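In the working numbering, the protein residues as written are 1 to 219.
Heads up, the beta-carbon is just placed ideally off N, CA and C, and yes, glycines get one too.
Here the structure is a predicted model, which means the values were calculated and not measured.
Spelled out as structure tokens, the structure:
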């Protein structure tokens, strides 16, 4: 497995901290003064490892304009993503449309959650002059966006919601953004359809090529 220079630096400081700590602990039994100096060096290496620790990549920042609005089960769920906050267009952009069934039950001080990934599909996002465009055709048999019910302490209350997960590579790092969108039954189509060359490539990925469901569910 290849590692970035930042990952190698972090691993080097971490290994040094662990090795010097072991040496310092072993030296305590013979001579406390050198042992204390050794443990101080281990603490320094640990601090440098903490500074060099890998950080999660910055999320993408796009503004979603759905087309049609709202999205239609039995029609199109599509739209365009406009970059915000200086977000660069990612390489190989993809979008995943997810329908989730969320069940909740109130406890004394906490709320219990159960999530089921009802349906999902991943398709490419197509770069246009100033945005990314996408289009899905979810089956009409699915459940549209539902309001969140009031919590109950005696029974589970469930509702469905829809999420668009945008993914792409920026500066060698995979970044993503999650956006909620409203979906209802209907047969509406995109007012501004995809370009013909984009539509020709607008095919869903095979399910065995997609990420495991748990990796896409929101916390």
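Secondary structure remark: continuous beta strand (DSSP E) runs of at least 3 residues inside the region 20–82, in chain order: 62–66 and 71–73.
According to DSSP, residue 124 shares a beta bridge with 94.
Here the C-alpha atom of residue 62 lies approximately 45 Å from the C-alpha atom of residue 41.
Two segments are said to touch when three or more pairs of C-beta atoms, one from each, lie closer than 8 Å; by this definition the region 78–94 does not touch the region 110–118.
Here residue 201 is near residue 124, since their CB atoms are less than 8 Å apart.
Between the C-alpha atoms of residue 188 and residue 65 there is a straight-line separation of about 15 Å. Annotation for residue 197: the continuous alpha helix (DSSP H) segment containing it runs 196–200. Counting the other CB atoms within 10 Å of its CB gives residue 72 a total of 16 or more, which places it among the buried residues.
Residue 113 is bridged by DSSP to 104. Excluding sequence positions up to five before and after residue 70, its CB lies within less than 7 Å of the CB of 182, 183 and 184, all in the same chain and listed in chain order.
Residue 10 is not bridged by DSSP to any residue. Considering only 60, 161, 47 and 139, the residue with the shortest C-alpha distance to residue 149 is 161.
Residue 14 and residue 47 have their C-alpha atoms spaced approximately 9 Å apart. Residue pairing by DSSP places residue 163 opposite 98 and 180 in a beta bridge.
Annotation for residue 135: the continuous beta strand (DSSP E) segment containing it runs 132–136. The beta carbon of residue 151 is closer than 8 Å to those of 104, 105, 106, 111 and 157 in its chain, skipping five residues each way along the sequence. Relative to the Cα of residue 134, the nearest Cα in the group 108, 186, 173 and 204 belongs to 204.
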